[in-house]
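See below for the structure under consideration.
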Amino acid sequence: MEIKPRFQVPLLLLAFSLPAAKAQQTPIQIHADLSNAPRKIYHADVDLPVHRGPLDLITPEWIPGAHGPEGPVLDIAGIRFEVNGKTLAWHRDPVNTYEYHLEIPADASVLHAHLDRIYSRATRTAATLEWEDLLLYPAHVPVREIAIQPTVTVPARWGIGTSLKPLTPYDPQHPTGGTVQYAPTTVEMLEDSPIMTGLYFHEYTLAPGVSPQHYMDVIGPTAASIEVRPDTVDQMSRLVHEAFAMYGPPHYTSYHFLILLQGDRGGGGLEHHESSDNTLQKDFFTGYKPFVGMAGLLPHEFTHSWNGKYRRPDGLATPDYATPMQDNLLWVYEGLTNYLGDVMGERMGMVTADQYRQDLALTAALMDAQSGRAWRSIEDTTFTSAMPRNGGSRSRSWSSWKRGTDYYPEGTLLWLDVDTTIRRLTQDRKSLRDFLQTFLQKGGSGIPHVEPYTLSELEADLDKVVANDWAGFFETRVDNLQPHVNTEGIEQAGYRLDYTADPTPEMERELKDSPSWAAWFSIGLDEDKEGAILDVRVGSAADKAGLAPGQKIVAINSRVFTIEQLTDALKTAKGTGTPIHLMVQDEDTIAPVSLSYSDGLRYPRLSRVENSPDILAEILTPLTPATPGSQR
Ligand SMILES: [Zn+2]
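Sequence positions in the sequence shown follow my numbering and run 126 to 757.
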């Protein structure tokens, strides 16, 4: 079979590469039919303007926000093409499996395509549509130049949350389900504008009086689950005010927090210019007390509208979803956002300063325990999402030696370091906010667009705030190997990382969710409740004893293994020099193992450095008054 060069633009497709305004004359029509979502299958009908000759269509591969080749091609089924009512043959490109080749006959002006997307996370009462699930469009054309108009059908009575602008009547306060048509846009903006829909739906207006407008669209498993308390709505409004005060004006025409309440642990979020889709545990708004990581999710995704969507590393500002992304500045895109999201979670009042400090200690301890920092820099971890995932990479075996997407938590520590360094060098007259007000405000008319940046620009903007060797600063901390975690930010903030035998309340909560961490900071062992070893930290006592992932500890000091037995043994051994005796099973063999360890239990916490100012308290102080609506 003939293989076409990747970037050859067929002459007859050039109409699509005209500027967006002109391309708007003949938008692709895409109809997303979610009426079968409860059966975990979406359908799409796509009508594309075409001309005679060869046509290459494509579905997205490199997904913005996922930072990797995670397009859903494996879950696309039922593809069918028709012109003038007749089926048209197609062939998949043998090199790029996201691309489909067709030959359009002479008499055709519209190609009709149908495809299905298997979506296992949809339920009987809720569904999320990321448009990359259903998009089909001409290959080799910048996606911001392809006009497209979406229509969406959802089950009867389901409400729809989206930043797309409806053309047909739609009342979010009284949703009826059915079909809604939206204003024409581009493939780039449609991919950036997900749909969240469900039977139990409520749209809350946030930060009244603020322009542009902000909404929170909540979908849950029951009518009671989506009743958000007024004080929580106030906290979300506070987040809007805090973000404006910290980052400056936004780059969207309106913003929708799309929130799906599902499951017991929540799932995470995905950022967009004018919305974010977030999955939180089903009782998030009804009695659940968020911890820092969860409280930071909504502010994290919101912050991305400025840092990530509007300002984007040049290697991530790709013209289409076939061009591989270059992830090397994710320690800014995600790392800075991680720092800001957690700080905002505290400033908006969702968690306390004490919770924040305990979580920061845990972050620092976890990163210090990543033994792979001996061979792999923070910068190198940014490539993790772009690497092929063929099963084994997600295993927990020796995971701290491999390192994972560490640029998120390392970013929290790094940008605390930047923030406190600016404060120290300017005698507390300036802070990270001064940098953000420059870096996140490079013009534009308040509508979504991308301003790519390089590391040099970022360093120059920091230098405008305070002169410093910022290139050397980042080279040392990000590019070079650092055998120990960066705690300079914590120390400049007036604290130090300590380990004590008593877990903090945040650590206790973590241990309740993941009891396997009980011995991670002491002997470097990650084991499940039955004693199966999940991970061993390189250089730890468990490593020196020869323990390995996949083995199982069946007994400790002649007693049957339990987590409690393990922690008791660690406590008892403190300061004695007496080894701990284990019986360890590997497949069908059992052997004794002697573990030399006498430092007792170790759990991280932050302690105040006496006679130093509490800079962390300053960082966690809200910038705006407590009453929402009282300030822009
Ligand atoms: Zn993020």
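The C-beta atom is built at its ideal place from N, Cα and C for all residues, glycine as well.
Could you please give the first and the last residue of the uninterrupted alpha helix (DSSP H) stretch that includes residue i?
i	result
residue 598	595-599
residue 382	Not the alpha helix (DSSP H): residue 382 falls in the beta strand (DSSP E), residues 379-386.
residue 330	Residue 330 -> not in any alpha helix (DSSP H); beta strand (DSSP E) instead, spanning 325-331.
residue 543	532-550
residue 341	Segment 338-345 is the beta strand (DSSP E) holding residue 341; no alpha helix (DSSP H) there.
residue 466	460-472
residue 370	355-372
residue 625	It is not in any alpha helix (DSSP H) - residue 625 instead sits in the beta strand (DSSP E) that spans 620-625.
residue 563	557-564
residue 223	Counting along the chain, residue 223 falls outside any alpha helix (DSSP H), and DSSP gives it neither H nor E.
residue 697	688-697
residue 481	478-493
residue 426	422-428
residue 586	580-590
residue 271	Premise fails: residue 271 is in no alpha helix (DSSP H) and is neither H nor E.
residue 669	666-669
When you measure from the CB of residue i to every non-hydrogen atom of ligand 1, does any distance come out below 6 Å?
i	result
residue 459	yes
residue 462	yes
Assuming residue i contacts residue j (C-beta within less than 8 Å), just tell me the rounded distance between them.
i	j	result
residue 488	residue 465	The Cβ separation is near 14 Å, so there is no contact.
residue 365	residue 329	Incorrect: roughly 12 Å between the Cβ atoms, too far for contact.
residue 730	residue 483	7 Å
residue 432	residue 557	Between residue 557 and residue 432 the Cβ distance is about 12 Å, and since that is not below 8 Å, they are no contact.
residue 381	residue 340	5 Å
residue 356	residue 384	That belief does not hold up - the Cβ atoms of residue 356 and residue 384 are roughly 16 Å apart, past 8 Å.
residue 259	residue 155	7 Å
residue 186	residue 223	5 Å
residue 653	residue 659	6 Å
residue 346	residue 386	7 Å
residue 661	residue 672	5 Å
residue 498	residue 608	6 Å
residue 635	residue 480	Not quite, the Cβ-Cβ distance comes to about 12 Å (not below 8 Å), so this is no contact.
Are the beta-carbon atoms belonging to residue i and residue j less than 7 Å from one another?
i	j	result
residue 472	residue 197	no
residue 320	residue 277	yes
residue 261	residue 238	yes
residue 264	residue 181	yes
residue 306	residue 322	no
residue 587	residue 595	yes
residue 611	residue 538	yes
residue 470	residue 421	yes
residue 719	residue 702	no
residue 399	residue 426	no
residue 458	residue 503	no
residue 663	residue 526	yes
residue 337	residue 160	no
residue 492	residue 360	no
residue 691	residue 657	no
residue 315	residue 275	yes
residue 511	residue 193	yes
residue 522	residue 640	no
residue 252	residue 162	yes
residue 506	residue 614	no
Which residues mark the beginning and the end of the beta strand (DSSP E) in which residue i is found?
i	result
residue 238	235-243
residue 206	201-208
residue 733	728-733
residue 705	705-711
residue 396	393-396
residue 306	303-306
residue 153	153-158
residue 659	658-661
residue 171	166-174
residue 312	Not the beta strand (DSSP E): residue 312 falls in the alpha helix (DSSP H), residues 312-316.
residue 436	436-438
residue 746	Segment: none, residue 746 is in no beta strand (DSSP E) and carries neither H nor E.
For residue i, would you say it is in contact with chain B, using Cβ-to-Cβ distances shorter than 7 Å as the test?
i	result
residue 159	Absent here is chain B; the protein component of the structure consists of one chain.
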